[in-house]
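Heads up, the thing below is written out as structure tokens.
Numbering (mature numbering (1 follows the signal peptide of the UniProt record, and there is no 0)), first residue to last: -26 to -1, 1 to 89.
Right, here's the structure in full:
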């Protein structure tokens, strides 16, 4: 199959996935091994399983609740960076009671013997 397009059109087509990915999240992409620090709207890739996760809580007073895919993670002080646990699987993290964007964490499958 041959694309009959001008070089400028091919450049736009090549950049389209990157532009669309930018619309999917409003934060930063963070990648590390062993532990990772995320904030609302971030997308994180941890290269270890388990992965220790720190979360930068939004500013304010009191505490905010964090929720994972289907479970409460806990309550943490506003404006602080909290250690929210070691994650063994990917998760979407939300700050309860706010309109802050979701945080996406990807953790690789555990390696080992599958019996």
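Ideal placement from N, C-alpha and C gives every residue a C-beta, glycine not left out. Quantities reported herein were computed from a predicted structural model and do not represent experimental measurements.
- Beyond the five residues adjoining it in sequence on each side, residue 29 comes within less than 6 Å, by CB distance, of 12, 56 and 58 in the same chain, given in chain order.
- Nearest C-alpha to residue 46 among 67, 10, 2 and 76: 67.
- Here residue 77 has 1, 12, 13, 14, 15, 16, 17, 18, 29, 66, 67 and 68 as same chain residues with Cβ atoms under 8 Å from its own Cβ, once five neighbours each way along the sequence are excluded.
- Secondary structure of residue 6 (DSSP, three-state): strand.
- Taking a C-beta distance under 9 Å as the contact criterion, residue 61 and residue 27 qualify as a contact pair.
- Secondary structure of residue 39 (DSSP, three-state): strand.
- Along the stretch 11 to 56, the beta strand (DSSP E) occurs as fully enclosed runs of 3 or more residues at 17 to 20, 25 to 30, 37 to 41 and 46 to 51, listed in sequence order.
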